[in-house]
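Residues in the sequence shown are numbered from 0 upward in steps of one, following numbering that gives the first Met the number 0.
Note that beta-carbon positions come from the ideal geometry of N, C-alpha and C, so glycine has one too.
Quick notes on the structure that follows.
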Amino acid sequence: MSDGILLGWLPLSVLAWAVQMAVFHGIGFAFEWCDRTGRLSGAKVRNVGRLSYRAALPRVLVNQVFVLLPAMMLVQWAGLAFTGVTHLPAWQFLLDLVLMGISHDIVQYIAHRHILHRPGIGRMFGHGIHHGTGASQAITACYMSAADFFLEIVLPYLVPLVLIGGGGGDVFFHCFVAGAGAFGGLYEHSGYDFAVPLRKTRFFAQRPRLGGWIAAAITSHAHGEHHRRSNVSFSDGFGSPGICDTLFGTRWDKADHGSRPRVPAQSMF
């Protein structure tokens, strides 16, 4: 067993947070570099550009340092996550990843649809700050009010982690989950969709079924539709199973394509 303290002093929660920051800001700046240079322009499908990278960074860092990090350390201090066996068996590692994905989908759907997109409440929590970015710059994945960040980022990460038993003290598991989550959020908000150039390749033309599956797995279209229409795909997105959006008919490709928010976005937020 392990209490989640590495090298005699470093909490595992802090290491996982540091890995998440390295992935988030490394890949986030790489997307920013692509925006500036025009690299990967064939995959750029959203280019609203409402906020500069420099203007977005301070709020993002405040959320990550003063909301996410203390929350991660708190659940470790309480013994709810980041503690236990130092190595998960392969079957449990994979099972925990699946359970994390399912429970993340549920928690995020509840918080996102039933709190942040409820008229009046969404305005109180400042959800419009995030929606005002247009989801066309990667770093805006964490550009939101502190309350919004807690409900939409922190809880859907830590509550599932606690529910599956905390992930033990397995360093690789926690670093993988933190890093994968950071990449998913960045990609969804980057304005890039790598499925678009894939559909134009010979590979896709010769293997349409396989290519279609790959395109469906790597597309960022769902979250782009959420930012465009605001009342679809509340938890459906890159790396998400989209269970709740499918069950409740709010998945972007299942909902009415002519649907609009029940109240104007500016009133809701």
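How many angstroms separate the CA atom of residue i from the CA atom of residue j?
i           : j           : result
residue 249 : residue 231 : 5 Å
residue 61  : residue 143 : 10 Å
residue 263 : residue 251 : Because residue 263 sits at a pLDDT of 40, beneath the cut-off of 50, its placement in the model cannot be relied upon, and the point is left open.
residue 221 : residue 237 : 8 Å
residue 2   : residue 85  : 9 Å
residue 63  : residue 205 : 44 Å
residue 102 : residue 53  : 34 Å
residue 260 : residue 243 : Per-residue confidence for residue 260 stands at a pLDDT of 47, beneath the threshold of 50, marking its modelled position as unreliable; no derived number is given.
residue 99  : residue 179 : 12 Å
residue 89  : residue 38  : 38 Å
residue 14  : residue 40  : 34 Å
residue 208 : residue 192 : 19 Å
residue 27  : residue 240 : 24 Å
residue 58  : residue 50  : 12 Å
residue 20  : residue 247 : 34 Å
residue 113 : residue 141 : 20 Å
residue 104 : residue 35  : 33 Å
residue 77  : residue 69  : 12 Å
residue 176 : residue 91  : 14 Å
residue 95  : residue 169 : 12 Å
residue 257 : residue 224 : Unreliable positioning characterises residue 257 in this predicted model, as indicated by a pLDDT of 49, which lies under 50. A coordinate reading is not provided.
residue 149 : residue 212 : 33 Å
residue 8   : residue 122 : 41 Å
So who's on the other strand from residue i, going by DSSP bridges?
i           : result
residue 4   : 10
residue 253 : BP columns for residue 253 are empty, so no partner.
residue 191 : 43
Keeping to the same chain, check which residues put their C-beta closer than 6 Å to that of residue i; ignore five residues upstream and five downstream.
i           : result
residue 167 : 83, 84, 87
residue 218 : 192, 194
residue 107 : 155, 234
residue 203 : 197, 210
residue 200 : none
residue 186 : 219, 237
residue 158 : 106
Excluding five sequence neighbours on each side, which residues of the same chain lie with their C-beta closer than 8 Å to the C-beta of residue i?
i           : result
residue 97  : none
residue 75  : 3, 10, 11, 12, 81, 82
residue 198 : 210, 214
residue 129 : 139, 142, 143, 144, 147, 151
residue 55  : 132, 136, 138, 139, 142
residue 120 : 114
Compute the beta-carbon to beta-carbon distance between residue i and residue j, rounded to the nearest angstrom, for a pair I have assumed lies under 8 Å.
i           : j           : result
residue 29  : residue 195 : Contact doesn't hold; Cβ gap of about 18 Å is too wide.
residue 16  : residue 71  : 5 Å
residue 184 : residue 134 : The pair is not a contact, with the Cβ atoms about 10 Å apart (cut-off 8 Å).
residue 174 : residue 66  : Their Cβ separation, rounded to whole angstroms, is 20 Å, which puts residue 174 and residue 66 out of contact at 8 Å.
Using a Cβ-Cβ cutoff of less than 7 Å, which residues in the same chain neighbour residue i once the five nearest sequence positions on both sides are dropped?
i           : result
residue 279 : What the structure shows of the chain is the stretch from 0 to 268, and residue 279 is not part of that stretch, so it cannot be assessed.
residue 22  : 178, 181, 182
residue 226 : 130, 133, 134
residue 284 : As displayed, the chain neither begins before 0 nor continues past 268, which places residue 284 out of reach and without an answer.
Which complete alpha helix (DSSP H) runs does the region 141-194 hold, if anything under 4 residues is left out? 145-148, 154-162, 170-188, all fully within the region 141-194.
Restricting to runs no shorter than 4 residues, where is the alpha helix (DSSP H) found entirely within the region 111-144? The region 111-144 contains these whole alpha helix (DSSP H) runs: 120-123, 126-130.
Alpha helix (DSSP H) segments (min. 4 residues) lying fully within the region 53-85: Segments of the alpha helix (DSSP H) lying fully in the region 53-85: 68-76.
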